[in-house]
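Structure first, then comments.
Numbering (the numbering used here), first residue to last: 2 to 68.
See below:
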(Lines of atoms letter the chains of each structure in order from A; the text may use other names.)
(Lines give C-alpha, C1' and ligand atoms only; values in the text may rest on other atoms or scores of the structure.)
Protein backbone atom coordinates (compact mmCIF):
# COMPACT_ATOMS: atom_id res chain seq x y z
CA UNK A 2 0.00 0.00 0.00
CA UNK A 3 2.79 2.49 0.80
CA UNK A 4 4.49 1.80 -2.53
CA UNK A 5 1.20 2.38 -4.34
CA UNK A 6 0.62 5.64 -2.46
CA UNK A 7 4.11 6.91 -3.30
CA UNK A 8 3.61 6.04 -6.97
CA UNK A 9 0.28 7.90 -6.96
CA UNK A 10 1.94 10.98 -5.45
CA UNK A 11 4.67 10.82 -8.08
CA UNK A 12 2.11 10.60 -10.89
CA UNK A 13 0.06 13.52 -9.51
CA UNK A 14 3.23 15.64 -9.29
CA UNK A 15 4.08 14.75 -12.89
CA UNK A 16 0.56 15.73 -13.98
CA UNK A 17 0.73 19.05 -12.10
CA UNK A 18 4.11 19.83 -13.69
CA UNK A 19 2.65 19.03 -17.11
CA UNK A 20 -0.02 21.65 -16.37
CA UNK A 21 2.71 24.02 -15.11
CA UNK A 22 1.19 24.06 -11.61
CA UNK A 23 3.34 24.36 -8.47
CA UNK A 24 3.92 21.14 -6.56
CA UNK A 25 5.27 22.70 -3.37
CA UNK A 26 4.75 25.81 -1.29
CA UNK A 27 8.20 27.02 -2.34
CA UNK A 28 7.26 26.75 -6.02
CA UNK A 29 4.07 28.70 -5.23
CA UNK A 30 6.16 31.39 -3.46
CA UNK A 31 4.35 30.89 -0.15
CA UNK A 32 6.06 31.93 3.08
CA UNK A 33 5.52 31.43 6.82
CA UNK A 34 2.86 34.18 6.97
CA UNK A 35 0.94 32.50 4.16
CA UNK A 36 1.10 29.16 5.98
CA UNK A 37 -0.36 30.66 9.16
CA UNK A 38 -3.13 32.37 7.19
CA UNK A 39 -3.97 29.12 5.39
CA UNK A 40 -4.12 27.26 8.72
CA UNK A 41 -6.44 29.92 10.18
CA UNK A 42 -8.73 29.69 7.16
CA UNK A 43 -8.74 25.90 7.39
CA UNK A 44 -10.36 26.00 10.83
CA UNK A 45 -12.40 29.17 10.30
CA UNK A 46 -15.77 27.53 11.02
CA UNK A 47 -14.64 24.86 13.48
CA UNK A 48 -11.67 24.40 15.76
CA UNK A 49 -10.60 21.35 13.75
CA UNK A 50 -11.11 19.54 10.45
CA UNK A 51 -10.99 15.86 9.65
CA UNK A 52 -13.00 12.94 10.87
CA UNK A 53 -10.49 10.15 11.36
CA UNK A 54 -7.93 12.36 13.11
CA UNK A 55 -8.93 15.93 14.01
CA UNK A 56 -6.52 18.53 12.63
CA UNK A 57 -6.31 21.75 14.61
CA UNK A 58 -4.69 25.01 13.50
CA UNK A 59 -1.31 24.17 15.09
CA UNK A 60 -1.39 20.72 13.47
CA UNK A 61 -2.12 22.27 10.07
CA UNK A 62 0.82 24.66 10.43
CA UNK A 63 3.18 21.75 11.14
CA UNK A 64 1.79 19.74 8.21
CA UNK A 65 2.11 22.72 5.88
CA UNK A 66 5.72 23.27 6.97
CA UNK A 67 6.50 19.73 5.81
CA UNK A 68 4.98 20.37 2.37
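Note that CB positions come from ideal geometry on N, CA and C, so glycine has one too.
Distance from the Cα of residue 45 is smallest, within the candidate group 65, 35, 52, 58, for 58. Burial check for residue 40: the Cβ neighbour count within 10 Å reaches 16 or more, so the residue is buried. Here residue 43 is buried, its C-beta having at least 16 other C-beta atoms within 10 Å. Straight through space, the alpha carbons of residue 64 and residue 25 are spaced by roughly 12 Å.
Scanning 52, 61, 22 for the CA closest to the CA of residue 36 turns up 61.
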